[in-house]
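The structure appears right after this line, and notes come after that.
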Amino acid sequence: MVRAAVLVSGSGTNLQKLLDAQAQGALAPAEIALVVSNRKAAFALERAKAAGVESAVLSKAMEPDPALWDEKLLALLQAHRIDLVVLAGFLMVLGERTLAAFTSRIVNIHPALIPSFAGPGFYGLRVHEAALARGVKITGATAHLVNGEVDGGPILIQKAVEVLPGDTPESLQRRVMEQAEWIILPKSVQLLAERIEAEERA
Ligand code: GAR
């Protein structure tokens, strides 16, 4: 099995879809071994608990120095023998040690079709506000590998979603989640886990 850690900051609907996929046997060879939140009030932590998955909080308040925060995260991942990291609505940028230790082993879900509405400052509802302001008729989501550049790593899967007349940032966010994120994130985690397993067998 490929041990996955899911990093979260908020409500954790993407985490829930990963847990559901796991319960249905659709995530293997990945298994969710750990959930890490940078916010102690994140509802995602309740979802981990309900699924019986171990969780940890590592907030900026607990470790304000970014380099030390990065070291602590890496130590936590290593202590849990993590092979693969999933950023599922995780709204912090990872530090260089963690990035180096998990090269090509970190997947992020972004709520737009990269390279549109991506990069520093484009997260959460802001992405959908920008898409509506630009008047695009198609948006979507992207699952991609994480490198040092925000939203810059190789793309794994993308899925397009229609923007409808009268959409608000909230209605568009919900449609992008339902029709794209919740489908392509579990699929990309499974694909990456298969890739890692093959690498380790070679
Ligand atoms: C999701 O829409 C995810 O794509 C987005 O945050 C939301 C988290 O929702 N991530 C980013 O914007 C990262 N740049 P969730 O906590 O319910 O999964």
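Every letter in the sequence shown is one number past the one before it in my numbering, and letter 81, counting from 1, is 1579.
Beta carbons: idealized from backbone N, C-alpha and C, even for Gly.
Asked                                                                                                       : Found
Beta-ladder partner(s) of N1606, from DSSP                                                                  : L1585, H1642
For F1600 and A1691, the rounded distance between their alpha carbons                                       : 13 Å
Inter-stretch contact (C-beta, 8 Å, three-pair minimum) for the stretch 1550–1562 and the stretch 1592–1610 : no
Burial state of R1624 (16 or more Cβ within 10 Å)                                                           : exposed
Proximity test, N1536 beta-carbon vs ligand 1 heavy atom, cut-off 6 Å                                       : no
Limits of the alpha helix (DSSP H) - the one that S1669 falls within                                        : 1667–1674
Residues sharing a beta bridge with A1502, DSSP                                                             : I1530, L1582
For Q1522, the three-state DSSP class (helix, strand or coil)                                               : coil
Where T1511 falls: helix, strand or coil (DSSP)                                                             : helix
Cβ-based neighbour list, I1580, same chain, cut-off 6 Å, excluding 5 preceding and 5 following              : R1501, A1503
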